[in-house]
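Asks:
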Amino acid sequence: MIEIKPISDFNLYHTLSCGQAFRWYEDDGWFHGIVNDKLLKICQEDSTLLVESSDESDPKKLQQYLWHYFDLGRDLSRILDSINKDQYMNASVGVCRGMRIMNQDLWECLGSFILSQNNNVPRIKQMIRKISEEFGNPISLDGFTDYTFPTPEMITNGSVDQLFQCGLGYRASYLFNVATVVAERQLDLDWLKSQSYLVAKQELMSLRGIGDKVADCVSLFSLGHDEALPIDVWVRRITERLYLKRKASKRQILEFFHSYFGEYIGYAQQYLFHYARTVGFKELLDH
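In our numbering, the protein residues as written are 977 to 1263.
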């Protein structure tokens, strides 16, 4: 058992269930998932994270990796203070406080959000599980076996038809295409990590199968660009019905978030999105 402590302003449940990552499963208070080719079980007890790993040969390295993965060194209070400007955000922060935007593996984040298009979270998780079982490597811990997210090379060693058989539909060709681009180094992911938000987003959107929303999700949930604003039906509904009180274009929604919430618009949308989707605003958003 590995302990990570002390941690503050962190809520493991909200962080792993807010729609930014799809490979974590909760069972009796413990979250199971694969990170950095290790199968983990993680539980939070107050200001301590308890971690069991399929590979505990270097506990300090794993502690450092998870500290970065959950972005635990960041001053979340400052971010929340800057975006908590009204009753809607105050309600969101009140319930979801401690939810942090993670630093996910770039390839897994990219592949996962390609599958997220016109989809819901249960189906996204199912698709990811199927391609991982088909192409990835098995890892076991305490009698439970899961599979690594397949690398670009693992995917390109297969076929589009194999991906289609995993239930991906039209997304199969998109994922195979992007895997090919990455495997052949036409897109250098290490280079992408060093680029500005606008350059990274433009580069991602140049790939077939990646649009505005997917590029923004990857920019926010893996590349660390707080100014990225993924706009889905929930964010659109929240903006139009709670704030602008009218229909709005993507540009108008983006301009509103920038002018109203400031530099942490990614955090602002994630708190509003998660709260609206799971807890509140239902009466206001359903009419």
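Glycine included, C-beta positions come from ideal geometry on N, C-alpha and C.
Note that this is a predicted model, so its numbers are computed, not measured.
Can you check DSSP and say which residues form a bridge with Cys1019?
Replies: Paired residues: Leu1026.
Asks: Which same chain residues, not among the five before or five after Gly1049, have their C-beta less than 8 Å away from its C-beta?
Replies: Hits under 8 Å: Trp1043.
Asks: On a Cα-Cα basis, can you pick out the residue from Asp985, Gly995 and Gly1005 that is closest to Gly1070?
Replies: Of the listed residues, the one whose Cα sits closest to Gly1070 is Asp985.
Asks: Output needed for Lys1177: all residues of its chain with C-beta closer than 6 Å, excluding positions within five of it in sequence on either side, in chain order.
Replies: Result list for Lys1177: Ala1191 and Ser1195, in chain order.
Asks: Give me the Cβ distance between Ile1104 and Leu1091, rounded to the nearest whole Å; I'm assuming they're in contact under 8 Å.
Replies: 6 Å between Cβ atoms; contact.
Asks: For Leu1056, which residues in the same chain have their Cβ closer than 6 Å to its Cβ, ignoring the five residues on either side in sequence?
Replies: For Leu1056, where only same-chain residues beyond five positions count, the Cβ hits under 6 Å are Val1069.
Asks: What number of angstroms, rounded off, separates the C-alpha of Lys1061 from the C-alpha of Phe1237?
Replies: If you take the alpha carbons of Lys1061 and Phe1237, they lie about 8 Å apart.
Asks: Looking only at C-alpha atoms, which of Leu1163, Leu1180 and Cys994 sits nearest to Val1097?
Replies: Checking every option, the nearest Cα to that of Val1097 belongs to Cys994.
Asks: Would you list, in sequence order, the uninterrupted alpha helix (DSSP H) runs of no fewer than 4 residues that lie entirely inside the segment 1110 to 1153?
Replies: Fully enclosed alpha helix (DSSP H) runs of 4 or longer: 1128 to 1132 and 1136 to 1139.
Asks: Any chance you could list the alpha helix (DSSP H) runs of at least 4 consecutive residues sitting entirely within the segment 1177 to 1205, in chain order?
Replies: As far as the segment 1177 to 1205 is concerned, its whole alpha helix (DSSP H) runs of at least 4 residues are 1188 to 1197.
Asks: Looking only at its own chain, which residues have a Cβ that is under 7 Å from the Cβ of Gly1187, when we skip the five neighbours before and after it?
Replies: Excluding positions up to five away in sequence, the list reads Met1181.
Asks: Give me the Cβ distance between Val1011 and Tyr1045, rounded to the nearest whole Å; I'm assuming they're in contact under 8 Å.
Replies: Confirmed, Cβ separation roughly 6 Å.
Asks: Rounded C-beta distance between Pro1035 and Ile1115? I'm assuming under 8 Å.
Replies: No, Pro1035 and Ile1115 are not in contact; Cβ-Cβ is about 18 Å, not under 8 Å.
Asks: Rounded to the nearest angstrom, what separates Ala1067 and Phe1111 at their Cα positions?
Replies: Rounded to whole angstroms, Ala1067 to Phe1111 spans 42 Å at the Cα level.
Asks: Measuring CA to CA, which of Arg1073, Met1078, Met1065 and Ser1058 is closest to Asp1047?
Replies: Per the Cα distances, Met1078.
Asks: Would you call the CB atoms of Ala1159 and Pro1126 closer than 8 Å?
Replies: No.
Asks: In its own chain, which residues sit with a C-beta less than 8 Å from the C-beta of Asp1208, not counting the 5 before and 5 after it?
Replies: Lys1189 and Phe1249.
Asks: On the DSSP letters alone, give me the boundaries of the beta strand (DSSP E) that Tyr1001 sits inside.
Replies: Counting along the chain, the beta strand (DSSP E) containing Tyr1001 begins and ends at Tyr1001 to Asp1003.
Asks: Which stretch, first to last residue, makes up the beta strand (DSSP E) that contains Glu1160?
Replies: Here Glu1160 belongs to no beta strand (DSSP E), and DSSP marks it neither H nor E.
Asks: Which of helix, strand or coil does DSSP assign to Gly1009?
Replies: Three-state result, Gly1009: strand.
Asks: In whole angstroms, what separates the C-alpha of Phe998 from that of Thr991?
Replies: Cα to Cα, Phe998 sits roughly 11 Å from Thr991.
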